[in-house]
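Participant: This is the structure I want to talk about, given as structure tokens.
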């Protein structure tokens, strides 16, 4: 009788351990871990080019994850990409003149939306839209500009006004060295 | 020669149907299935956990070296977890399982055959397929995916130990890159399906070899060897086919 009980306990322990391992793998090491169904609010941003940005890509402020990309659509009239970001309710004091830009994490990493906080006393509300945005950097564009102009004075793709403003606010480009042939 | 091999494969296929037909009857001896899960699953935990830990640690070291050539060590967590879930976890577990559990099933049933215990059961109107074969088959199908999950979890821990604690990779990078590129259904669950299929194949081969062994000590020895050889070949071949289908 004691022998029977011991193997039954052993079997139960084994099955529990197996399912615990499965639950650990499924919830802690996959994209489920990023899917927090906490309270969140939605912000919008328009980009002329989103590069390789994917759904559920992180939204970061100062490198800290504050939310994720909820949807990516093409605006049929303005012909730009309309991104909806779902941001955690805990971070509800983002100034409404903040800028959004698409960055790449590391050399081979995924792309994410980086938020650079502005100085406005008013905060973003649910459904608010970023006025200042900066599109994803396209390596081919950069090379093309460099080869043709020598310095990236005029953006080759017709960046919308917010885009240029964002470029000036967010990342003042250092003067590129002129190439004399 | 080729005729013999074909006959073996055919007999094995027919045997699968016999086992499947005996499963409903074997549920009356459910306690026997539980005992087999304990024997093939719980008793294999030590070897599976040890090997999982070391495989994860080796993966961590090797991939760190390779990725550092490209300056992409941040992807270590992603690469280790994807290769474990999709490939190494189910296959390594299956090979270890064939060596640890498959052989003992073959030897046990083979000895039952050699000492006429199976015939004695038939004399007592106990169906050996329902009392001996089917519980072991079910137990392997239940135990294999659970063991593979334990193997994967220990592998991730081993890679984390080497990559983060020893080689100084950033802890947040390790986990966030992993969580952003591993998918539950495409990666974790596909690996589970693979291990279920491997468990069924190993159980079928082990039980079949034991059941049809020549009733001599030499016959049992050969049957045990054949179990390991055949299961390893079939697991690796099936792995390729399933990977192609589950991609």
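Protein chains in written order, with this note's numbering: chain Y, 2 to 182; chain W, 3 to 249. Ideal Cβ positions, reconstructed from N, Cα and C, are used throughout, including at glycine.
Where residue 67 of chain W and residue 74 of chain W are concerned, what is the direct C-alpha to C-alpha distance, given to the nearest angstrom?
Facilitator: Indexing the second chain from 1 puts residue 67 of chain W at position 65. Indexing the second chain from 1 puts residue 74 of chain W at position 72. Between residue 67 of chain W and residue 74 of chain W, the C-alpha separation is close to 10 Å.
Participant: Buried or exposed: residue 114 of chain W, going by 16 or more other Cβ atoms within 10 Å of its Cβ?
Facilitator: Mapped onto the second chain, residue 114 of chain W falls at position 112. With 16 or more other Cβ atoms within 10 Å, it is buried.
Participant: Buried or exposed: where does residue 40 of chain W fall if 16 or more other Cβ atoms within 10 Å of its Cβ makes it buried?
Facilitator: As a working note, residue 40 of chain W is residue 38 in the second chain. Buried, by the Cβ-count rule.
Participant: Would you mind giving the Cβ-Cβ distance between residue 138 of chain W and residue 46 of chain W, rounded to the nearest angstrom? I have them listed as a contact below 8 Å.
Facilitator: Locating residue 138 of chain W in the second chain gives position 136, where the first residue counts as 1. Locating residue 46 of chain W in the second chain gives position 44, where the first residue counts as 1. About 14 Å separates the two Cβ atoms, so there is no contact after all.
Participant: Checking contacts by CB at 8 Å: is residue 49 of chain Y closer than that to chain W?
Facilitator: Position 48 of the first chain, counted from the start, is the residue given in the question as residue 49 of chain Y. No, because no Cβ of chain W sits closer than 8 Å to the Cβ of residue 49 of chain Y.
Participant: Throw me the rounded Cβ distance for the residue 81 of chain Y and residue 49 of chain Y pair, which I believe falls under 8 Å.
Facilitator: Here residue 81 of chain Y refers to the residue found at position 80 when the first chain is read from its first residue. Here residue 49 of chain Y refers to the residue found at position 48 when the first chain is read from its first residue. That pair is a contact at about 5 Å.
Participant: In terms of DSSP beta bridges, what is residue 249 of chain W paired with?
Facilitator: Reading the second chain from its first residue, position 247 is the one you call residue 249 of chain W. In DSSP, residue 249 of chain W forms no bridge with anything.
Participant: Do residue 28 of chain W and residue 145 of chain W count as a contact pair if the criterion is CB distance below 8 Å?
Facilitator: Taking the second chain and counting its residues from 1, the one referred to as residue 145 of chain W is at position 143. Taking the second chain and counting its residues from 1, the one referred to as residue 28 of chain W is at position 26. No, they are not a contact pair.
Participant: By the three-class DSSP mapping on this structure, what secondary structure does residue 31 of chain Y have?
Facilitator: For the purposes of this step, residue 31 of chain Y is taken as residue 30 along the first chain, with counting starting at 1. Coil at residue 31 of chain Y, not helix or strand.
Participant: For the beta strand (DSSP E) that contains residue 61 of chain Y, what are its first and last residues?
Facilitator: Position 60 of the first chain, counted from the start, is the residue given in the question as residue 61 of chain Y. 59–62 is the extent of the beta strand (DSSP E) around residue 61 of chain Y.
Participant: Ordered along the chain, which non-local residues of its own chain (more than five positions away) have a Cβ less than 6 Å from that of residue 66 of chain Y?
Facilitator: By one-based count along the first chain, residue 66 of chain Y stands at place 65. Cβ neighbours of residue 66 of chain Y beyond the five flanking positions: 59.
Participant: Just reading off the alpha helix (DSSP H) that residue 124 of chain W is part of, what are its end residues?
Facilitator: The sequence position of residue 124 of chain W within the second chain is 122, counting from 1. Residues 119–125.
Participant: Over what stretch of residues does the alpha helix (DSSP H) that includes residue 71 of chain Y continue unbroken?
Facilitator: For the purposes of this step, residue 71 of chain Y is identified with residue 70 of the first chain, where counting begins at 1. Counting along the chain, residue 71 of chain Y falls outside any alpha helix (DSSP H), though it belongs to the beta strand (DSSP E) covering 65–75.
Participant: Which residue from Y:33, Y:78 and Y:57 puts its Cα closest to that of residue 114 of chain Y?
Facilitator: One-based indexing of the first chain puts residue 114 of chain Y at position 113. Nearest C-alpha to residue 114 of chain Y: Y:57.
Participant: Taking 8 Å as the threshold (beta carbon to beta carbon), is residue 149 of chain W in contact with chain Y?
Facilitator: Position 147 of the second chain, counted from the first residue, corresponds to residue 149 of chain W. By this cut-off, residue 149 of chain W is an interface position.
Participant: Alpha helix (DSSP H) containing residue 211 of chain W: first to last residue?
Facilitator: To locate residue 211 of chain W, count along the second chain from 1; it is residue 209. That run of the alpha helix (DSSP H) goes 192–213.
Participant: Go ahead and pull the three-state DSSP assignment for residue 44 of chain W.
Facilitator: Walking along the second chain from the start, residue 44 of chain W turns up at place 42. DSSP places residue 44 of chain W in helix when its eight states are reduced to three.
Participant: Report, in whole angstroms, the separation of the C-beta atoms of residue 36 of chain W and residue 98 of chain W, which I expect to be a contact under 8 Å.
Facilitator: In the second chain, counting from the first residue as 1, residue 36 of chain W sits at position 34. In the second chain, counting from the first residue as 1, residue 98 of chain W sits at position 96. Their Cβ separation, rounded to whole angstroms, is 22 Å, which puts residue 36 of chain W and residue 98 of chain W out of contact at 8 Å.
Participant: Buried or exposed: where does residue 216 of chain W fall if 16 or more other Cβ atoms within 10 Å of its Cβ makes it buried?
Facilitator: Here residue 216 of chain W corresponds to residue number 214 of the second chain, with the count starting at 1. Exposed, since its Cβ has fewer than 16 Cβ neighbours within 10 Å.
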